[in-house]
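> Have a look at this one before I ask anything.
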Amino acid sequence: MPDRPEIVCICGSTRFVDEMRAANRDLTFAGVIVVAPGEADELITNEQKTALDALHLRKIDLADRVLVVNPGGYIGESTSREIAYAHATGKPISFTEPV
1419 MPDRPEIVCI
1429 CGSTRFVDEM
1439 RAANRDLTFA
1449 GVIVVAPGEA
1459 DELITNEQKT
1469 ALDALHLRKI
1479 DLADRVLVVN
1489 PGGYIGESTS
1499 REIAYAHATG
1509 KPISFTEPV
């Protein structure tokens, strides 16, 4: 029995917010600690996006593994960068759909 629950960082395009929320719910009910992208109800500035992107890399640092939510196999620019970062730091990466 591990000392703490697994920590999973969800990555994916903000266009899939509903799918990421569903993955968060499912993982949480499975006893996993979930670290997810920040959400905004309004448009954000380029400076805010840059800050959120950097913060998300720190979330990946905290995680035991990364789950990429990629309906239809879609992976955008930011998510590709996060996948490359996770790979470079040795984090296991899984996908909700084949790539």
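Per this note's numbering: the sequence shown = residues 1419 to 1517. Quick reminder that beta carbons are idealized off the backbone N, C-alpha and C, glycines included.
1) In three-state terms, what does DSSP make of residue 1484?
2) Examine the Cβ distances between the region 1442-1451 and the region 1461-1475 and report whether three or more of them are shorter than 8 Å.
3) Assuming residue 1453 contacts residue 1480 under a Cβ cut-off of 8 Å, what Cβ separation, rounded to an integer in Å, is found between them?
4) Are the region 1487-1494 and the region 1456-1467 touching, with three or more C-beta to C-beta distances below 8 Å?
5) For residue 1449, I'd like the list of residues in its chain whose CB is within less than 7 Å of its CB, leaving aside the five on either flank, ordered along the chain.
6) Go to residue 1447, then tell me how far its beta strand (DSSP E) extends in each direction, as first and last residue.
7) Nearest-angstrom Cα distance between residue 1476 and residue 1501?
Working from what's here:
1) strand
2) Taking 8 Å as the limit for Cβ pairs, the verdict is that the region 1461-1475 does not touch the region 1442-1451.
3) 6 Å
4) no
5) 1423
6) Careful: residue 1447 lies outside any beta strand (DSSP E), inside the alpha helix (DSSP H) at 1435-1447.
7) 13 Å
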